[in-house]
Amino acid sequence: MDLAYTPEQQVFRAEVRAWMEAHVPKEPLVTLECREGFDQHVEWERTLASGNWGMVTWPEAYGGRGLDLIQWLIFEEEYFRAGGPNRANQNGIFLLGPTIMEFGSDEQKARFLPPMARGETIWAQAWSEPGAGSDMAAIQSKAVRDGDHYVLTGQKTWSSRAAFADWGFGIFRTDPESKRHKGLTFILFDLDSPGITRRPIRQLHGETGFAELFFDEVRVPVENSLAGEGEGWNVAMATAGFERGLMLRSPGRFQATAKRLVDLYRAHAHEASPAAREAVVQAWGAAQAYAYNTYSVAAKIMAGGKIGAEASLNKIFWSELDRSMHRTAMQLLGAEAELKRSAGGAINPWLEGYIFSLSGPIYAGSNEVQRNITAERLLGLPRVGAG
Amino acid sequence: MDFRFSEDQLTLTETVRDYLAGTHGPEVLRRLDTEGARDPAIWTGLVEMGLTGLLIPEEQGGLGFGLVDAALIAVECGRACVAEPLVDTAFVAVPWLISRGVTEDLPAILAGEKQVALPHAINPWIADGEGEALESVDPLRRLALGSGGEDDLLLDLGALMSAAQLVGIADAMLAQATDYAKLRTQFGQPIGAFQAIKHQLATCAVANEFAKPVLWRAAASQGEGLASAPVHVSHAKVAATDAAMLAAETAIQVHGAMGYTYEVDLHFWMKRAWALAGAWGSRAFHMRRIDEAVLGGTLPIGPDHTFD
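Chains as they are written, first to last, in the numbering used here: chain A, 3 to 389; chain B, -6 to 301.
Laid out in structure tokens, this is it:
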């Protein structure tokens, strides 16, 4: 166990810090859930790409830097230290990019990865359907083979980024006789294809960043499917696999929130209860615990290990931490908590963050599903209905 | 930067875990509870494994290991609910004596002839020591009233090793509750198939999983003599206490009425958790130390200060 950074890692940190200090926007961007904010965030993706900081863990051949996971953690720490914006490109970086690298043909890699890395193509995910949320294997949207095309019909929902993104990916039922996890195929589609209707969904905060997608005989070339017909479930599970478990939410994000919470507490210390004070101290502790755990998992993966169901523990931990930190902030803010912008016009980041934090225990597999996975796969408890 | 254990550390831990699983099961705890809380054979076994000399330098006949290794073994002592004063003697007193240059007792400690538990103002009870006897809720702890000063290093070592034992105890209680939930059937299925049970146990698994890296970080910091080590030790004590208390309360609930009996082995671990939760500084004491560092501004915080 060696908890000191090497000189090379320190040099790398200094390099990231210098770049971030020079480039991170001084004023927070408008939320990425509206047109104006989305465009600002895409512009930021292109700025990142101009410094080759867009996809740092990707191999250089695809427009990345080929960084190892410790370097990635350092990058993320500096990113959040500098107050870097949320990533419009997140679906590409952590979900689709690694999936194409693992399952895509050379032609697909060459076609899709470089524009993703340059921030030119922003991707939306299309997993859930009205009848397939936590129970994703209940997917009904169809892809019917017609010559060298698939014809997509059906409906996807809660599709994040889909109101404004360029392309989408999801799984569709290619075998009409199939049930559950079988007969599904992973398909990439241009969101401007004829037959796709995007219906933006207005979210809790009032913005319309995600959407329902209606597919009415949408023709997609067969070469836009990944890993072959019927392999969709396996590809989707790999997409949700070990790196996503580690990389979806890096610890720097929560350590930065905890630090802001400490500053907020100091501003309200004269009126705050001891309970609020303790909640602030615990926020620091939990964010640090999450960081230590991530470093530990990163070291294991770098030594050839994998994480499987342990990713569920991570997801439960960070999502509930994020919610509790923002709840504490809202309690400290008192009358200011309800203001979307302060009297001076500044965005209230705690309100925005609190609302967003409420989605954390729901998206990427609800925490109830994560607790089932933990109980069944890590603790070995019987599956529901099993005797 | 490499937040992993060495192969040697993993092998040593596994060896001790297997040894204790084979020789120090619940039937031993029940026997000790009935026949008297100590059995010299248990102590001899621990001495023969070299554990009393774990932190004694090699040139003095010990194994010359560090605090991370000791914390790993203390976790196993918690997991097996060992009541012999191995942790107090070998992982708290020994490193303190060495740091203070008091080495004349080391040969006797190494040989298992001397057990040393040092009192502290915050923790005046001495395990298996001389003095007025005190009765613990834990039937296997033998306490004597001592009188100690306010040595900070001693406090940190005691708190760190209590945290380590609490982590092992939390794991053990979660395992017992999980095993019980697989066996006990009601409404035609194991109670562990009900989500109401699963989710409670999963929540314990989260708490245990995230207490461990805090413990390892604290042990490494203390071993390296980092100036911020006391904060990290306090963090570990709070995280381990919270995980153990949650596991205890969840485990008794999962056991139902059986959990409230003296017949189920769970109570040995639960009572050890209660005892260690208050030992070497209460949760409130350690929260205050973290508070003073984090809100007081003596510890740099934020994403770029993960290991400061």
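C-beta atoms are modelled at their ideal positions from N, C-alpha and C, and glycine is treated no differently.
Every value quoted in this text rests on a predicted model; they were computed, and no experiment measured them.
Item: Going by other Cβ atoms of all chains shown within 10 Å of its Cβ, with 16 needed for buried, is B/M251 buried or exposed?; Value: exposed
Item: Determine the chain B residues that contact A/K308 at a beta-carbon separation under 7 Å, and present them in chain order.; Value: In chain order: nothing, as chain B lies at least about 14 Å away.
Item: Can you give me the Cβ contacts of B/L208 inside the same chain, cut-off strictly under 7 Å, excluding the 5 residues immediately before and after it?; Value: A64, A156, A157, V160, A229 and A233
Item: On a Cα-Cα basis, can you pick out the residue from B/I91, B/L90, B/I66 and B/W89 that is closest to B/L79?; Value: B/I66
Item: Does the Cβ of B/Q53 have 16 or more other Cβ atoms within 10 Å, making it buried, or fewer, making it exposed?; Value: exposed
Item: What is the rounded straight-line gap between the Cα of A/G387 and the Cα of B/I184?; Value: With a pLDDT of only 49 at A/G387, under 50, the local geometry of the prediction cannot be trusted, and the value read off the model is given with reservation. Going by the C-alpha atoms only, they are around 11 Å apart.
Item: What are the residues in the region 286 to 310 of chain A lying within 8 Å of chain B by C-beta distance?; Value: W286, G287, A288, Q290, A291, Y292, A293, Y294, N295, Y297, S298, A300, A301, K302 and A305
Item: Would you report the Cα separation of A/N369 and A/R67, rounded to the nearest angstrom?; Value: 33 Å
Item: Since A/G197 and A/F82 should fall inside the 8 Å C-beta cutoff, what is the C-beta to C-beta distance between them, to a whole number of angstroms?; Value: That belief does not hold up - the Cβ atoms of A/G197 and A/F82 are roughly 40 Å apart, past 8 Å.
Item: Looking at the C-beta of B/K205, does it have a partner C-beta in chain A at a distance below 9 Å?; Value: yes
Item: Could you tell me whether the Cβ atoms of A/F105 and A/E233 are closer together than 9 Å?; Value: yes
Item: Alpha carbon to alpha carbon, what distance is there between A/I318 and B/T243?; Value: 18 Å
Item: Compute the Euclidean distance between the alpha carbons of A/P116 and A/R221, then round it to the nearest angstrom.; Value: 24 Å
Item: Please confirm whether A/A377 has its beta-carbon closer than 9 Å to some beta-carbon of chain B.; Value: yes
Item: Would you decide whether B/A212 is buried or exposed? Buried here means 16 or more other CB atoms lie within 10 Å of its CB.; Value: buried
Item: For A/L190, I'd like the list of residues in its chain whose CB is within less than 6 Å of its CB, leaving aside the five on either flank, ordered along the chain.; Value: F171 and N226
Item: Under 8 Å, with one C-beta from each stretch per pair, do the region 371 to 379 of chain A and the region 184 to 193 of chain B reach the 3-pair mark?; Value: yes
Item: Select from the region 318 to 347 of chain A all residues with a C-beta closer than 8 Å to any C-beta belonging to chain B, and list them in chain order.; Value: I318 and F319
Item: I'd like the list of long-range same chain contacts for B/E125, defined as Cβ closer than 7 Å, with 5 residues on each side in sequence excluded.; Value: A137 and L138
Item: Is it a yes or a no for the region 91 to 105 of chain B touching the region 30 to 49 of chain B, going by three-plus beta-carbon pairs under 8 Å?; Value: yes
Item: For the region -6 to 9 of chain B, which residues have a beta carbon sitting closer than 9 Å to at least one beta carbon of chain A?; Value: M(-6), D(-5), F(-4), R(-3), F(-2), S(-1) and Q2
Item: Would you kindly report the start and end of the unbroken alpha helix (DSSP H) that includes A/Y297?; Value: P276 to M304
Item: Please classify A/E29: is it buried, with 16 or more other beta-carbons within 10 angstroms of its beta-carbon, or exposed?; Value: exposed
Item: Kindly indicate if chain B contains any beta-carbon less than 9 Å away from that of A/G254.; Value: yes
Item: Got a sec, what are the start and stop residues for the beta strand (DSSP E) A/G172 sits in?; Value: W169 to R175
Item: Is it the case that the CB of A/Y267 approaches a heavy atom of the ligand NAD more closely than 8 Å?; Value: In terms of ligand content, the structure shown is empty, and the ligand NAD therefore cannot be addressed.
Item: How would you list, in chain order, the residues of chain B whose beta-carbon sits under 9 Å from the beta-carbon of A/N374?; Value: Q188, K191, H192 and A195
Item: Taking A/T155 as part of the beta strand (DSSP E), name the residues at either end of that continuous run.; Value: H151 to S161
Item: By Cβ distance, which residues of its chain are closer than 8 Å to B/V85, with the 5 residues on each side in sequence left out?; Value: A110, L111, L147, L150, G151 and M154
Item: By the criterion of Cβ-Cβ separation under 7 Å, what are the contact partners of B/V199 in chain A?; Value: L315, I318 and F319
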